[in-house]
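The block underneath contains the structure these notes are about, expressed in C-alpha cells.
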Amino acid sequence: MLIKWTKSALASVDEIAGFIAKDNPTRATSFMLELQAAVTKLQAHPGMGRAGRVPGTRELVLHKNYIAIYRVRGDDVEILRLHHASRNLRRAGSAPEADL
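Going by our numbering, the first residue of the sequence shown is number 68, and it counts up by one from there.
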C-alpha cells in the first residue's frame, strides 16, 4: 500500500506541529515522529483504524487528542485530515467530505 496525503491533511499537520512548537519545539518533533510511525503502520494494516463517522472513511487514533481520518482506495491509503478529538468534526468545514 502507498500512503498519500491530501492538501488538507498536510495543512492539518503543519498547523498542529506549529501549535505544539510554540510551547515545546522538542515535543513537536517527537509528535511528528510518532505520527509518521503510526501512519506507516497503515501500509501493512490499512484496516487497523475504526470505521469513520463519515461514510467510506476510517479513523486512526494517533494520540489521545488527534485522529487521522483516512480512506482506502485500491492500493492506496489516503490521509484526508488530522482532526483534534475535542472539535466537532462537522463544524466549521472540518469534515473531510471536501476531500472525498
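Where is the CB? At the ideal position from N, CA and C, for every residue including glycine.
query	result
What are the boundary residues of the alpha helix (DSSP H) that includes residue 90?	74–90
Under three-state DSSP, which class holds residue 128?	strand
Just how far apart, CA to CA, sit residue 102 and residue 151?	13 Å
Rounded to whole angstroms, how far is the Cβ of residue 68 from the Cβ of residue 122, which I believe are closer than 8 Å?	That belief does not hold up - the Cβ atoms of residue 68 and residue 122 are roughly 21 Å apart, past 8 Å.
Looking at the strands, I want to know which residues DSSP matches up with residue 138.	145
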